[in-house]
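Colleague: Mind looking over this structure? Questions follow.
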């Protein structure tokens with residue numbers, strides 16, 4: 035039964051986060067494909083959640099290094115702000131969700 039709640043809360047979390055990202059992206063007007071941004075965000079959070087739930091908090095460092103490495107060429111203020119906001123929201127969401135899972139299951 036806990037697994038159903040975990041899946042439902044993850045789905046609700048993704049919906050809420052994507053609404054927030056939509057609001058931010060319409061304000062900052064990034065030039066990136068919106069579907070690809072959503073897909074990358076979901077993938078980032080799954081990566082972080084899996085690492086945190088597996089007991090590897092170092093995944094946060096790896097996540098930061100990967101993100102920095104992918105953003106060296108984009109130097110505009112809008113893309114940097116969008117990048118920073120997106121990273122913080124993804125990281126915070128993954129941390130909150132992993133703590134929720136650990137509380138409900140363990």
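Numbering (the numbering used here), first residue to last: 35 to 140.
Beta carbons: idealized from backbone N, C-alpha and C, even for Gly.
In this text, all values refer to a predicted model and were calculated from it rather than measured experimentally.
Taking 7 Å as the threshold (C-beta atoms), are residue 36 and residue 139 in contact?
Modeller: Yes. Within cutoff.
Colleague: If we call anything under 7 Å between Cβ atoms a contact, is residue 128 one with residue 100?
Modeller: Contact flag unset, no.
Colleague: Would residue 135 and residue 87 be called neighbours here (beta carbons separated by less than 7 Å)?
Modeller: Yes, these two residues count as a Cβ contact at 7 Å.
Colleague: If you draw a straight line from the alpha carbon of residue 43 to that of residue 137, how long is it in whole angstroms?
Modeller: Looking at the two C-alpha atoms, the distance is approximately 13 Å.
Colleague: In whole angstroms, what separates the C-alpha of residue 58 from that of residue 80?
Modeller: Using only the alpha carbons, I get a separation of about 21 Å.
Colleague: If you draw a straight line from the alpha carbon of residue 41 to that of residue 48, how long is it in whole angstroms?
Modeller: Cα-Cα distance, rounded: 11 Å.
Colleague: Count the other CB atoms within 10 Å of the CB of residue 69; is the residue buried (16 or more) or exposed (fewer)?
Modeller: Exposed, since its Cβ has fewer than 16 Cβ neighbours within 10 Å.
Colleague: Hey, out of 125, 95 and 91, whose CA is closest to residue 75's CA?
Modeller: Cα-wise, what sits closest to residue 75 is 125.
Colleague: Is it buried or exposed for residue 98, if we count other Cβ within 10 angstroms and need 16 for buried?
Modeller: Residue 98 is exposed by the Cβ-count criterion.
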